[in-house]
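Everything below concerns the one structure shown next.
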Amino acid sequence: MSEIRAKKSGLAAEAQQKVHGKFDSQFAQQIFGWISCVTGETLPTTGDINEFISTLKDGVLLCKLVNALSRNSDEKVNNSVLPFRYAANIAYFLSFVGNYVGKNELFQTVDLYEGQDPNSVLVCLAALARKSEKVFGKPGLGPKEAEGGTPHHLKTGEAIIGLQAGSSKGATQSGMENKIKRSRGMRLMSEIRAEKSGLAAEAQQKVHGKFDSQFAQQIFGWISCVTGETLPTTGDINEFISTLKDGVLLCKLANTLSPNSIKKVNTSTLAFKQMENISFFLSFVGNYVGKNELFQTVDLYEGQDPNSVLVCLAALARKSEKVFGKPGLGPKEAEGEKRQWTPHQLKAGETIIGLQAGSNKGATQSGMIMGNTRHM
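Mapping of the sequence shown onto full-length UniProt numbering: position 219 corresponds to residue 219, and the numbering continues sequentially without gaps.
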């Protein structure tokens, strides 16, 4: 995915530079030292941010760490070079670590794979390292966690009345909606990560504020016309994202425009399968639109920049009639006009003297002194 998208620019690039500027290289060295101690792997010791990301981004080392910590865990490690396989490895790690650390200590898959926020990856690994000795009986890192209260402390706690947990010896909060517990294998990545905050949240709000709902309605109208699907007509940003994020509709659009261009469409609810669908679509559309008109998988799946999704679909819609013979959207692209010159016209062109390029068959502008200083 990283090979078929444009680089960040403007506000997004500025925000990422600020986040990367806070990266703690010394702490990264300590984290890699701990992982090396637990897994037995030989890891870089420089603490360089790019080295940190490249070492972890495929998720293989993270899965090895999980299997080394917990004997009950036997995750299948994907060694494929396909991006969605990397995302699957990271998702497995997040599913595991989500059982032991707080939600605010987790990171998003894109924070590591796209290198958007390596600091949050450090925070997550540090939280796991603190649990290592107490929970897994492995070497840890950082301050030792409290062992718990004495029987006296526990007895004292019974005198404190608190209904936050929903019950106090008969008094309950039974009216509260119970959260549905999902199996670890079915939990989506969006359910095991902390929400954006601070600079990242501010940047995302600005990006979402530029979303063109009317244009989104037109894009959905075009997709509906091509695929025959009945789609929402409100142009709401959340509805736009939720309709497209699993990638199924995008794959159907690609196959309608060019039959059998995407041979396998995933209907699974697993996050990395949905991201795979988006990756298939990007590979298809990358053959017809410019690199600067493509979007990143996370722009759609994570809802980070739905505007770039609109731009990409609009670019494809302009090509629709000319390339695929399907209904299009927007201005018709120029067909081009090939000019035919007679030998007489070509010969006449040779008599025109133009020195703008600095030379005319041996005659140059080397003797001109316009703009030079006068030498006495």
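In this text, a Cβ means the ideal position worked out from N, Cα and C, and glycines have one as well.
None of these values were measured; they are calculated from a predicted model.
Where the alpha helix (DSSP H) containing P83 begins and where it ends:
Following the DSSP letters along the chain, one finds P83 inside the alpha helix (DSSP H) bounded by residues P83 to V97.
Could you tell me the alpha carbon to alpha carbon distance between P232 and D305, rounded to whole angstroms?
Their backbone Cα atoms lie some 20 Å apart in a straight line.
To the nearest angstrom, how far is it from the Cα of N277 to the Cα of L244?
Rounded to the nearest angstrom, the two C-alpha atoms are 10 Å apart.
Rounded Cβ spacing between I223 and A314 (contact assumed at less than 8 Å):
The pair is not a contact, with the Cβ atoms about 11 Å apart (cut-off 8 Å).
Range covered by the alpha helix (DSSP H) that runs through Y113:
If you look at Y113, you'll find it in the alpha helix (DSSP H) that goes T109 to Y113.
Could you please give the first and the last residue of the uninterrupted alpha helix (DSSP H) stretch that includes G198?
Segment G198 to G209, the alpha helix (DSSP H) holding G198.
Whether or not the stretch 42-61 and the stretch 101-108 are in contact is what I'm after, with contact meaning three or more pairs of Cβ atoms, one per stretch, closer than 8 Å; do they touch?
Output reads no: the stretch 42-61 does not touch the stretch 101-108.
Strictly under 8 Å for the Cβ-Cβ distance: is K245 near chain C by that measure?
Checking the listed chains, one finds no chain C in this structure; it contains a single protein chain.
Among K322, V265, T46 and G286, nearest to I309 - alpha-carbon criterion
As written in the sequence, residue 309 is Val, which differs from the Ile given in the question. If we check each option's Cα against that of V309, G286 comes out closest.
Residues near L65 by beta carbon distance below 7 Å, same chain, minus five either side:
The beta carbon of L65 is closer than 7 Å to those of I35, V38 and T39 in its chain, skipping five residues each way along the sequence.
Please return the same chain residues whose Cβ sits closer than 7 Å to the Cβ of Q217, not counting the five positions on each side in sequence.
Within the same chain, Q217 has close Cβ partners T233 and G235.
In the DSSP assignment, the alpha helix (DSSP H) including I237 goes from what residue to what residue?
Note, I237: alpha helix (DSSP H), I237 to L244.
Spatial neighbours of K18 in its chain, beta-carbon cut-off 8 Å, leaving aside the 5 residues before and after
Taken in chain order, the residues that qualify are L199.
If you count every other CB in all the chains shown that lies within 10 Å of the CB of Q296, and 16 or more means buried, which is it?
Residue environment for Q296: buried (at least 16 other C-beta atoms within 10 angstroms of its C-beta).
Out of Q16, S320 and Q345, point me to the one whose CA is closest to G330's CA.
Looking at Q16, S320 and Q345, the one whose alpha-carbon comes closest to that of G330 is S320.
Going by CA-CA distance only, name the one from N89, G325, A87 and E133 that's closest to Y100.
Of N89, G325, A87 and E133, the residue nearest in Cα terms is E133.
Excluding the 5 residues flanking F32 on each side, which residues of the same chain have their C-beta closer than 8 Å to its C-beta?
So the list reads L43, P44, T45, G47, F52 and T55, once near-sequence residues are dropped.
Please state if the CB of A317 and the CB of F281 are separated by a distance shorter than 8 Å.
Not in contact: F281 and A317 (Cβ atoms no closer than 8 Å).
Tell me the DSSP secondary structure of E302 in three-state form.
Residue state, collapsed to three classes: coil.
Ends of the alpha helix (DSSP H) at W341?
In the DSSP assignment, W341 falls outside any alpha helix (DSSP H) and carries neither an H nor an E.
Kindly give me the distance between the Cβ atoms of A126 and G115, rounded to whole angstroms, as I take these residues to be in contact under 8 Å.
A126 to G115, Cβ: 18 Å. No contact.
From this set, G98, S70, R130 and D246, which residue's C-alpha is nearest S268's C-alpha?
Of G98, S70, R130 and D246, the residue nearest in Cα terms is D246.
Cβ shell of R184 (< 6 Å), same chain only, five flanking positions each side left out
Note that R184 scores 41 on pLDDT, short of 50, meaning its location in the model is unreliable; the coordinates nonetheless yield the value given after this. Taken in chain order, the residues that qualify are S95.
How long is the line joining the alpha carbons of C251 and V289, rounded to whole angstroms?
C-alpha separation (whole angstroms): 16 Å.
Look up N67 in the DSSP assignment and say whether it is helix, strand or coil.
Three-state DSSP puts N67 in a helix.
When you compare only the Cα positions, how much space is there between S9 and P118?
Rounded to whole angstroms, S9 to P118 spans 19 Å at the Cα level.
Can you say whether A91 is buried or exposed, counting buried as having 16 or more other CB atoms within 10 angstroms of its CB?
Its Cβ being crowded by 16 or more others within 10 Å, A91 is buried.
Please work out which residues of its chain come closer than 8 Å, Cβ to Cβ, to S261, disregarding the five sequence neighbours upstream and downstream, and give them in chain order.
Apart from sequence neighbours up to five positions away, the residues of its chain that approach S261 with a beta-carbon distance below 8 Å are A254, N255 and F284, ordered along the chain.
How would you call A12, buried or exposed, if buried means at least 16 neighbouring beta carbons within 10 angstroms?
It counts as buried.
Would you please state the rounded distance, in angstroms, between the beta carbons of V226 and V248? I believe it to be under 8 Å.
Actually they do not touch by this definition, with Cβ atoms about 15 Å apart.
Between the beta-carbon of F93 and the beta-carbon of S279, is there less than 8 Å?
In this structure, the beta-carbon distance from F93 to S279 does not fall below 8 Å.
Determine the extent of the alpha helix (DSSP H) in which E276 is found, giving its start and end residues.
Under the DSSP assignment, E276 falls in the alpha helix (DSSP H) whose first and last residues are A271 to V285.
Distance check for K322 and T230, CA to CA, integer angstroms please.
Taking the straight line from one Cα to the other gives about 25 Å.
Can you list, in chain order, the residues of its chain with a C-beta nearer than 8 Å to that of V123? Leave out the 5 residues immediately preceding and following it.
Closer than 8 Å at Cβ, skipping near neighbours: E105 and F107.
Other residues of its chain near A87: CB distance less than 8 Å, five sequence neighbours each side excluded
So the qualifying residues of the chain are G59, T109, Y113, A271, F272 and M275.
Answer with buried or exposed for I241, where buried requires no fewer than 16 other C-beta atoms within 10 angstroms of its C-beta.
In this structure I241 is buried. Its beta-carbon is surrounded by 16 or more other beta-carbon atoms within 10 angstroms.
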